[in-house]
Ligand SMILES: [Fe+2]
Ligand SMILES: [Fe+2]
């Protein structure tokens, strides 16, 4: 593998890097909730970051990644299920974003979101990414499109 190839993430690697980053945020949220349940601390800020990163991640998957796999990996049912799980996550995200910072239900909603995402990511990793890698889809080109769109969306003022 050349240096250029090493430096370049393909679509699955790029999306999985997001999965890991958001997992760290969930872990940090849970750690703070455990250490100081009565104090809000950074939890409202962490919750908003989790929601923002997941929103962008789901959007680039739905705009670019899933459509590229549709018809190409012989698993449209898996893609339909993934979109339904995104909707479940989006509903929770909307509820979290609608809370006041001091709302005591935030911890429960964030841990429910963490469970939904954990299950979803497991399926993407073990099923969708495996099928994508075995297909003829150009994952490097797809990775570049995902990255460009992600940067565009992240650059937008909230
Ligand atoms: Fe994902
Ligand atoms: Fe997803």
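Residue numbers (my numbering): 10 to 167. Using N, Cα and C, we set each Cβ at its ideal position, and we do this for glycine too.
beta-carbon residue i near ligand 2 non-hydrogen atom, thresh 8 Å
| i | result |
| --- | --- |
| residue 128 | no |
| residue 94 | yes |
| residue 20 | no |
| residue 123 | no |
| residue 111 | no |
| residue 30 | no |
Proximity to residue i [Cα-Cα], best of the options
| i | options | result |
| --- | --- | --- |
| residue 108 | 49, 97, 144 and 156 | 49 |
| residue 35 | 95, 132, 116 and 21 | 116 |
| residue 141 | 163, 102, 93 and 82 | 82 |
| residue 38 | 137, 86, 51 and 77 | 51 |
| residue 163 | 33, 67 and 21 | 67 |
| residue 3 | 120, 104, 160 and 100 | Limits of the chain in this structure are 10 at one end and 167 at the other, which puts residue 3 out of reach. |
| residue 161 | 69, 134 and 75 | 69 |
| residue 63 | 90, 85, 89 and 26 | 26 |
| residue 111 | 33, 54 and 80 | 54 |
Near ligand 1: residue i beta-carbon under 8 Å from a heavy atom
| i | result |
| --- | --- |
| residue 133 | yes |
| residue 72 | no |
| residue 89 | no |
| residue 27 | yes |
| residue 33 | no |
| residue 162 | no |
Integer Cβ distance of residue i from residue j, believed to fall under 8 Å
| i | j | result |
| --- | --- | --- |
| residue 122 | residue 98 | 6 Å |
| residue 56 | residue 126 | About 13 Å separates the two Cβ atoms, so there is no contact after all. |
| residue 2 | residue 23 | Since the first and last residues shown for the chain are 10 and 167, residue 2 lies out of range. |
- Task: Identify every run of the alpha helix (DSSP H) within the segment 133–160, keeping only runs that are complete inside it and at least 4 residues long; order them along the chain.
- Result: 138–143
- Query: Could you give the uninterrupted runs of the alpha helix (DSSP H) lying entirely in the segment 14–99, keeping only those of 4 residues or more?
  - Reply: 20–44, 52–69 and 75–78
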